[in-house]
Amino acid sequence: MVAAIATSYAGVQASLRDWNTPKTNMARARFTSPLAESIAPDLEERFLRYVRIDTQSRRERERSPSTPGQLELARMLVSELASFGLEDAALDENGYVTATLLGNGDRGRDGRERSATAAFGVLAHLDTSPDAPGAGVEPIVHRAYDGGVIELPREGTRLDPATMPELLEKVGHDLVTASGDTLLGADDKAGVAEIMSAVSYLAAHPEIERPTFRVAFTPDEEIGEGASLFDIERFGAGCAYTLDGSTLGELQDETFSAYEAIVTVTGVDVHPGQATGKLVNALRLAAQIVAGLPADTLTPETTSGRTGFIHPFSLTGTAGQARIRLIVRDFDEALLESHVELLREVAHRVVDAEPRARLDLDVRRQYRNMRQFLEDVPEVTAAAEEAIKAEGIDPIRVPIRGGTDGSRLSEMGLPTPNIFTGGHEYHSVREWASIQDMAAAAATVVRLAEVWARRGK
Ligand SMILES: [Zn+2]
Numbered sequence: 001m002v003a004a005i006a007t008s009y010a011g012v013q014a015s016l017r018d019w020n021t022p023k024t025n026m027a028r029a030r031f032t033s034p035l036a037e038s039i040a041p042d043l044e045e046r047f048l049r050y051v052r053i054d055t056q057s058r059r060e061r062e063r064s065p066s067t068p069g070q071l072e073l074a075r076m077l078v079s080e081l082a083s084f085g086l087e088d089a090a091l092d093e094n095g096y097v098t099a100t101l102l103g104n105g106d107r108g109r110d111g112r113e114r115s116a117t118a119a120f121g122v123l124a125h126l127d128t129s130p131d132a133p134g135a136g137v138e139p140i141v142h143r144a145y146d147g148g149v150i151e152l153p154r155e156g157t158r159l160d161p162a163t164m165p166e167l168l169e170k171v172g173h174d175l176v177t178a179s180g181d182t183l184l185g186a187d188d189k190a191g192v193a194e195i196m197s198a199v200s201y202l203a204a205h206p207e208i209e210r211p212t213f214r215v216a217f218t219p220d221e222e223i224g225e226g227a228s229l230f231d232i233e234r235f236g237a238g239c240a241y242t243l244d245g246s247t248l249g250e251l252q253d254e255t256f257s258a259y260e261a262i263v264t265v266t267g268v269d270v271h272p273g274q275a276t277g278k279l280v281n282a283l284r285l286a287a288q289i290v291a292g293l294p295a296d297t298l299t300p301e302t303t304s305g306r307t308g309f310i311h312p313f314s315l316t317g318t319a320g321q322a323r324i325r326l327i328v329r330d331f332d333e334a335l336l337e338s339h340v341e342l343l344r345e346v347a348h349r350v351v352d353a354e355p356r357a358r359l360d361l362d363v364r365r366q367y368r369n370m371r372q373f374l375e376d377v378p379e380v381t382a383a384a385e386e387a388i389k390a391e392g393i394d395p396i397r398v399p400i401r402g403g404t405d406g407s408r409l410s411e412m413g414l415p416t417p418n419i420f421t422g423g424h425e426y427h428s429v430r431e432w433a434s435i436q437d438m439a440a441a442a443a444t445v446v447r448l449a450e451v452w453a454r455r456g457k
């Protein structure tokens with residue numbers, strides 16, 4: 001068996017090598033700037049290396065981080081940061097990586113570094129989504145994408161511009177995908193690699209003006225815990241930016257406000273042979289609750305833009321007890337509360353009609369729309385906008401139909417908008433990223449340092 005596996009693995013390796021060779025004579029797309037172009041080779045090398053480490057987080061978390069793979073990547077990043085000269089690079093007991101890049105004005109006459117407060121921070125998350133396989137990622141680089149259907153070698157996975165129109169904007173780009181049976185993990189290793197390459201570049205180019213700034217990599221963002229054990233005090237920055245967005249130019253200072261709800265219905269379980277007049281089927285009641293929720297509105301599949309939803313995503317149980325897990329989302333706090341109220345009403349209407357059944361509703365706040373916290377500090381988002389423009393990109397301001405570490409961090413007192421990474425189709429086996437757009441994101445981090453250096457004068 002072992003030999004057979006080894007042979008077929010070698011076969012896959014050979015076929016992957018073929019895939020990595022260019023198949024077209026398409027002209028390679030240009031980078032957004034010479035800076036982005038010069039960062040790109042280092043960035044690509046890092047990204048391809050980081051995505052191979054399985055850092056998928058696990059919803060049933062017993063400790064932080066929830067999985068050991070995140071620590072493996074974290075340790076690698078600490079040693080790489082130290083090799084750039086960031087002497088305080090460290091991994092804390094909960095799996096958070098932090099480091100300081102000192103500003104070029106922050107050295108005394110004797111050449112020794114002075115302690116300095118950080119102008120800002122940049123963050124990305126170590127983990128990948130639990131929603132699709134995350135182990136055994138085999139990245140493939142499709143040089144100078146020709147605009148056609150990309151067929152991946154495994155599981156018949158296809159990236160079709162007919163259903164993924166964003167691909168058509170990337171003709172000529174070097175696209176990275178997985179091999180068809182796993183995530184790529186661009187969410188958020190694109191962000192991790194971009195920050196690492198930008199910091200490496202700045203450390204090697206002291207002639208570029210920069211203030212002291214902080215770097216952090218967080219665990220377990222995908223299970224909503226990325227900010228939970230983040231020590232804002234110790235981080236010591238007045239504001240921060242996550243690199244955890246998608247499309248080139250995106251700058252997000254508005255996220256959903258979010259609740260999670262667990263509805264538990266307890267019935268009366270009796271052997272079906274003796275059930276007459278006695279059995280109360282919890283599973284049927286739970287199904288009625290799901291069926292009683294709006295289906296044509298207030299669902300993720302029927303809404304877009306700023307409209308929220310009630311989304312049941314798991315239904316498990318037996319005749320004796322059944323559990324529905326839901327997420328409730330809106331940009332507006334009052335509307336969010338009204339969606340939760342609607343869920344309560346529907347659940348009570350169904351279960352209260354059966355006096356022998358019991359209803360337990362556990363509604364838990366997840367995060368709040370970051371806009372209410374960022375509105376008071378407009379200079380934070382404005383600096384990112386200036387950096388994106390300096391890279392020659394038109395900033396795109398769209399609200400995120402989701403949350404980021406920045407949602408919780410902003411609420412906890414660290415204003416943290418979100419910047420694009422160049423990755424797409426997150427949380428799926430079709431995930432892809434453009435090297436050109438990733439390089440633009442890394443260059444934007446360099447520009448951000450320049451913007452804050454100017455502001456500090
Ligand atoms: Zn992410």
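Numbering follows our numbering, in which position 343 of the sequence shown is assigned residue number 343; successive positions increment by one, without gaps.
Glycine included, each C-beta is placed from N, C-alpha and C at the ideal position.
Note that the structure is a prediction, hence the values are computed from the model and not measured.
Report buried or exposed for residue 408, applying the criterion of at least 16 other Cβ atoms within 10 angstroms of its Cβ.
Residue 408 sits at position 408 when you count from the first residue of the sequence shown. Buried: at least 16 other Cβ atoms inside 10 Å.
Between which two residues does the alpha helix (DSSP H) containing residue 344 stretch?
On the sequence shown, position 344 is the one that residue 344 refers to. Secondary structure note for residue 344: its alpha helix (DSSP H) is the uninterrupted segment 333-352.
Report, in whole angstroms, the separation of the C-beta atoms of residue 240 and residue 366, which I expect to be a contact under 8 Å.
The residue labelled residue 240 in the question sits at position 240 within the sequence shown. The residue labelled residue 366 in the question sits at position 366 within the sequence shown. Under the criterion of beta carbons closer than 8 Å, residue 240 and residue 366 do not qualify as touching, at roughly 20 Å.
For ligand 3, enumerate in chain order all residues having a CB closer than 7 Å to any of its heavy atoms.
Although ligand 3 was asked about, the structure shown includes only ligand 1 as ligands.
Is the region 384-404 touching the region 232-249, taking contact as three or more C-beta pairs under 8 Å?
The region 384-404 is in contact with the region 232-249.
Use the C-beta contact count for residue 93: other C-beta atoms within 10 angstroms, 16 or more gives buried, fewer gives exposed.
The count along the sequence shown starts at 1 and reaches residue 93 at position 93. That one is exposed.
One or two residues paired with residue 250 in a DSSP bridge
Taking the sequence shown and counting its residues from 1, the one referred to as residue 250 is at position 250. According to DSSP, residue 250 bridges with 396.
Have a look at residue 21 and residue 142 and give me their C-alpha separation to the nearest angstrom.
Counting from one through the sequence shown, the residue named residue 21 turns up at place 21. Counting from one through the sequence shown, the residue named residue 142 turns up at place 142. Summary for residue 21: the model assigns pLDDT 49, below 50, so the residue's position carries little reliability, and this model does not support an answer.
In its own chain, which residues sit with a C-beta less than 6 Å from the C-beta of residue 428, not counting the 5 before and 5 after it?
Residue mapping note: residue 428 aligns to position 428 of the sequence shown, counting from 1. Hits under 6 Å: 132.
Determine, using beta-carbon pairs with one atom in the region 148-158 and one in the region 169-189, whether at least three such pairs fall under 8 Å.
At 8 Å Cβ cutoff, the stretches touch.
For residue 303, collect the residues of the same chain with a Cβ closer than 8 Å to its Cβ; drop the 5 residues on either side in sequence, then sort them by chain order.
The residue labelled residue 303 in the question sits at position 303 within the sequence shown. 297, 309.
Pair within 7 Å by beta-carbon distance, residue 470 and residue 232:
Outside the displayed range of the chain (1 to 457) lies residue 470, so it cannot be described from this structure.
Tell whether a beta-carbon distance below 7 Å holds between residue 312 and residue 290.
Along the sequence shown, one-based indexing puts residue 312 at 312. Along the sequence shown, one-based indexing puts residue 290 at 290. In this structure, residue 312 sits near residue 290, with a CB-CB distance shorter than 7 Å.
Out of 444, 456, 455, 454, point me to the one whose CA is closest to residue 122's CA.
Translated into positions along the sequence shown, residue 122 becomes position 122. Comparing Cα positions, the closest option is 444.
Answer yes or no: do residue 360 and residue 220 have a C-beta to C-beta separation smaller than 7 Å?
Here residue 360 corresponds to residue number 360 of the sequence shown, with the count starting at 1. Here residue 220 corresponds to residue number 220 of the sequence shown, with the count starting at 1. It is not a contact, given that the beta carbons lie outside the stated cut-off.
Could you give the distance in angstroms between the alpha-carbon of residue 119 and the alpha-carbon of residue 246?
By 1-based counting over the sequence shown, the position of residue 119 is 119. By 1-based counting over the sequence shown, the position of residue 246 is 246. Rounded to whole angstroms, residue 119 to residue 246 spans 25 Å at the Cα level.
Please go through the same chain and pick out, in chain order, the residues whose beta-carbon is closer than 8 Å to the beta-carbon of residue 27, but skip the five residues on each side of it.
Working through the sequence shown from its first residue, we reach residue 27 at position 27. Closer than 8 Å at Cβ, skipping near neighbours: 144, 172.
Which residue's Cα is closest to the Cα of residue 438: 72, 268, 419, 333?
As a position in the sequence shown, residue 438 is number 438, starting the count at 1. Cα-wise, what sits closest to residue 438 is 419.
Does the distance from the CB of residue 435 to the CB of residue 44 come in under 7 Å?
For the purposes of this step, residue 435 is taken as residue 435 along the sequence shown, with counting starting at 1. For the purposes of this step, residue 44 is taken as residue 44 along the sequence shown, with counting starting at 1. Going by C-beta atoms, residue 435 is nearer than 7 Å to residue 44.
Taking the alpha-carbon of residue 71 as reference, which of 58, 396, 91, 283 has the nearest alpha-carbon?
To locate residue 71, count along the sequence shown from 1; it is residue 71. Cα-wise, what sits closest to residue 71 is 91.
Could you compute how far the alpha carbon of residue 280 sits from the alpha carbon of residue 321?
Translated into the one-based positions of the sequence shown, residue 280 becomes position 280. Translated into the one-based positions of the sequence shown, residue 321 becomes position 321. Approximately 10 Å between the Cα atoms of the pair.
Looking only at C-alpha atoms, which of 25, 29, 33 sits nearest to residue 440?
Taking the sequence shown and counting its residues from 1, the one referred to as residue 440 is at position 440. Out of 25, 29, 33, 33 has the C-alpha closest to the C-alpha of residue 440.
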